[in-house]
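Notes follow once the structure below has been shown.
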Amino acid sequence: MGLPTRKFKLAVRTLKVVIKRKIKARNRPAAPGVAEKDDVINHAPQNQDRSPPDLKLKQPTDSDHKAASEPATQTSSSPATGHSRKKCKMIRNLLGTDDERAPQATAGPSDGWEIYQREMFGSILDVTDKALIELVVSSVPIPGFSTERKEAARAKATVTRNTEGQNNRVFIVDFGGEEPMKVCVRVPACGRVGLWTDIDAGALRDYALTMKYIKDNTGCPVPGVFGYDTTLENAIGAPYIAMSFMKGRGAAEVWQNQGPDKEQKRQTLLKSLAKAISELRVLEFNGMGGLQFPTDDTALPSIGPVYFANFGNTTRDAEFFKCQEEFVGDGPFDNSVSSARKEIQRWLAAGEEDYKNHELTDEEYHESLGMFKYFSMMIDLLPGPSDEPGVAPETFVLVPPDYDLQNLLADDNGNITAILDWDRVETVPRYYGWARTPDFLQADWEAQYYWPHVNGLTESPLAMDRYRADFARYMGEACGIDGRDGGKDSCFTARSHLYYQLYKVVGESEGMLCFLDKVLREVCPRVDMTEHLTLLGRDGFNEEDESVVRDRLQKLFVG
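In structure tokens, the structure reads:
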């Protein structure tokens with residue numbers, strides 16, 4: 001449907017980078033036993049010469065462990081979890097999501113695989129065990145484990161894990177002994193001469209201090225941060241975050257267990273996750289954006305823009321460095337509903353510009369007007385406060401930026417032991433913050449959802465409804481009947497998947513169409529979506545039909 005001019009130019013520049021990356025991906029050797037994904041880029045058709053008619057629509061008002069203790073990847077969303085991500089939404093879609101992990105070798109080595117790893121990680125592959133041990137002994141302060149103890153244990157220290165993802169490499173340094181001490185050292189793939197920038201350094205520092213802030217102020221089970229270095233001037237010659245080792249196995253392994261105790265373990269996982277994540281209820285903020293720390297005092301974070309680029313090397317060519325600053329989002333924002341209204345209005349204005357420039361047909365333009373009408377009505381149903389004078393200002397909360405099974409650890413019974421990967425975390429509206437359902441319970445509202453699925457692991461829509469209801473009940477129990485300590489946000493849990501999925505697609509045409517298709521199946525079944533939207537954009541609703549649609553949307557989003 002079109003993008004604002006600045007966003008469009010940025011997307012074009014990034015698309016060139018992405019195309020190169022995808023060509024390389026098709027040609028790169030896959031690790032034995034790993035299937036590669038197909039990538040499809042859709043192109044808009046050519047359109048006829050038309051001038052836009054006057055709008056008559058209401059306008060908005062103003063596996064013992066998952067990749068050690070921390071995943072060896074960097075998030076990209078969550079979906080986008082806050083409005084500050086809107087500027088780079090198209091870029092994020094083109095670059096791929098957190099689920100597009102680098103393939104992991106499952107069999108013997110191959111020359112092709114080694115070449116691919118060298119391209120991804122370069123000199124980081126040359127970091128020696130000796131250098132890692134020296135780094136931890138000499139530079140990483142560990143509470144209760146003095147430098148003298150580390151020196152004494154140096155001879156027995158080993159690097160027990162060296163694994164990689166698409167954006168980071170993770171090492172586990174194990175000091176052994178009667179009281180074992182393990183340290184997780186996480187190194188960004190781009191942490192090398194010629195690739196690492198001041199923007200990256202600032203982002204890594206904020207990520208480390210954000211984790212420390214959460215650890216210091218809540219009971220949420222996140223890794224403890226022992227130390228970090230944003231420079232290449234250290235024993236391993238690369239930036240890093242050193243953190244505590246977290247026990248547990250990947251929660252996906254527990255969730256997908258097909259044994260006789262499958263349901264019991266799932267319920268345990270949901271209940272313990274609700275309890276663990278609800279620990280974030282004690283934190284609230286007066287703006288929507290990324291946490292920033294002017295000093296190393298984590299008691300005083302401020303809210304600023306979010307940096308969207310990941311730490312992977314695959315996009316870091318000349319084109320990337322020409323526009324790296326464009327990966328720093330707008331923000332912070334002080335009202336989520338107002339921001340969404342402005343974004344949908346910008347999206348419509350971009351569509352009008354495309355129409356004037358002969359890039360949309362009459363039918364496509366009218367379809368976009370119909371979409372605008374529906375999204376305007378749905379945004380009005382978001383449960384955030386207005387920004388009118390006299391109304392208490394909106395407050396915001398945290399939620400994991402990639403809130404899915406791959407970033408959760410659990411014990412054998414399903415009890416959550418760790419919530420990982422807080423890179424690019426940002427403050428978000430309460431109605432899809434810490435109390436929302438996790439991503440794996442929202443799969444049926446994602447564009448890529450298919451059921452029945454060929455591997456039999458995807459849950460049916462009815463099962464998703466049931467598990468969401470279970471999680472909402474557990475969230476209410478975790479927060480207490482009286483909603484103490486901010487626990488009142490549990491009132492959003494049951495419908496939080498709708499709020500989250502709506503908010504993250506606003507301003508992105510493909511995502512909007514996919515979400516609206518699912519909404520219309522609930523609100524206006526048995527209609528052809530394209531024809532319905534086109535007629536709506538051309539002729540508008542009649543009064544009776546609009547009343548029915550509004551009532552059904554109200555029931556879906558509010559109850």
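Just so we're aligned: 527 in full-length UniProt numbering is position 527 of the sequence shown, and the numbers increase by one with no gaps anywhere.
We put the CB at the ideal spot given by N, CA and C, even for glycine.
In this structure Val337 is in contact with Ile379, their Cβ atoms being roughly 7 Å apart against a cut-off of 8 Å. Taking Val140 as the centre and dropping the five residues before and after it, the same chain places the C-beta of Val183, Phe226, Gly227, Ala242 closer than 7 Å to its C-beta, in chain order. In the assembly as shown, Glu325 is an exposed residue. Its beta-carbon has fewer than 16 other beta-carbons within 10 Å. Straight-line spacing of the CA atoms in Ser368 and Gln448 works out to 22 Å. DSSP places Gly112 inside the alpha helix (DSSP H), whose first and last residues are 111-121. The residue from Ser244, Tyr503, Gly287 with its alpha-carbon nearest to that of Gly331 is Gly287. DSSP places Ala238 outside both helix and strand once states are collapsed to three, so it counts as coil. Going by DSSP, Val548 is part of the alpha helix (DSSP H) stretching over 543-557.
In this structure, Ile344 sits near Val506, with a CB-CB distance shorter than 8 Å. CA-CA distance, Asp229 to Ile236, rounds to 11 Å. Counting only runs that start and end inside the segment 396-438, the beta strand (DSSP E) elements of at least 3 residues fall at 408-410, 416-419. Judged by pairs of C-beta atoms under 8 Å, the segment 498-518 touches the segment 380-388, as three or more such pairs exist. The segment 517-531 makes no contact with the segment 386-398; the number of CB pairs closer than 8 Å stays below 3. The alpha-carbon separation between Tyr355 and Phe308 amounts to approximately 30 Å.
Beta-bridge pairing by DSSP links Ile379 to no other residue.
If you draw a straight line from the Cα of Ser496 to the Cα of His358, it comes to about 39 Å. Glu279 has its alpha-carbon roughly 10 Å from the corresponding atom of Ile214.
When the Cα atoms are used, Met371 and Glu446 turn out to be separated by approximately 18 Å.
Sixteen is the threshold: since fewer than 16 other Cβ atoms of the shown chains lie within 10 Å of the Cβ of Ser146, the residue is exposed.
Looking at the DSSP output, Ile124 sits in no beta bridge, so it has no partner there. Nearest to Lys265 by C-alpha distance, out of Ala410, Leu204, Asp423, Asp387, is Ala410. With respect to Met211, Trp347 sits apart: the two C-beta atoms are not nearer than 8 Å. Partner residues in a beta bridge of Arg341, as assigned by DSSP, do not exist. Following the DSSP letters along the chain, one finds Ser386 in no alpha helix (DSSP H), marked with neither H nor E. Of the residues assessed, Asp402 falls on the buried side of the cut-off, its CB having 16 or more other CB atoms within 10 angstroms. Closest in C-alpha terms to Ser244, from the list Gly312, Ala418, Asp206, Thr458, comes Ala418. When the five nearest sequence neighbours on each side are left out, the beta carbons in the same chain lying within less than 7 Å of the beta carbon of Asp470 are those of Gln267, Leu270, in order along the chain. Distance from the Cα of Gly176 is smallest, within the candidate group Ala153, Trp255, Pro385, for Ala153. Taking all protein chains in view, the Cβ of Asp126 is surrounded by fewer than 16 other Cβ atoms within 10 Å, so the residue is classified as exposed. Collapsing the DSSP output to three states places Tyr228 in a strand. Within the same chain, and ignoring the five residues on either side of Trp451 in sequence, the residues whose Cβ sits closer than 8 Å to its Cβ are Asp444, Thr458, Glu459, Ser460, Pro461.
At the C-beta level, Arg430 and Asp517 stay beyond 8 Å of one another. Beta-bridge analysis with DSSP links Ile142 to Phe145. Annotation for Pro461: the continuous alpha helix (DSSP H) segment containing it runs 461-479. With contacts defined as CB atoms closer than 8 Å, Tyr240 and Arg186 qualify as a contacting pair. With fewer than 16 other Cβ atoms from the protein chains shown falling within 10 Å of its own Cβ, Ser547 counts as exposed.
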